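In our numbering, the protein residues as written are 1487 to 1562.
Glycine is no exception: its CB is placed at the ideal position from the N, C-alpha and C atoms.
None of the values given here were measured: they were computed from a predicted structure.
Below you'll find the structure, written out as structure tokens, and then a few comments.
See the structure below:
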């Protein structure tokens, strides 16, 4: 590679650009993988939160029911 010639300079610049683009593509790929993992984690947390909210709602609903009738109230 001879940087004293026009062809050598162009070749050098093209190689540098390709290297830079490759690094950017790798970074984008890693970020997309992280994004997918975070989306899965958010869905799992949301599902757990929904279960906890439902359990709290059920507990609040049964709080006023006398204990001997709670097994009946749980079925409805």
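Residue closest to residue i, alpha-carbon to alpha-carbon, out of the options
i: residue 1498; options: 1487, 1508, 1506, 1507; result: 1487
Straight-line gap, residue i to residue j (C-alpha atoms, nearest Å)
i: residue 1523; j: residue 1494; result: 44 Å
i: residue 1534; j: residue 1510; result: 36 Å
i: residue 1490; j: residue 1505; result: 21 Å
i: residue 1542; j: residue 1525; result: 25 Å
i: residue 1512; j: residue 1538; result: 39 Å
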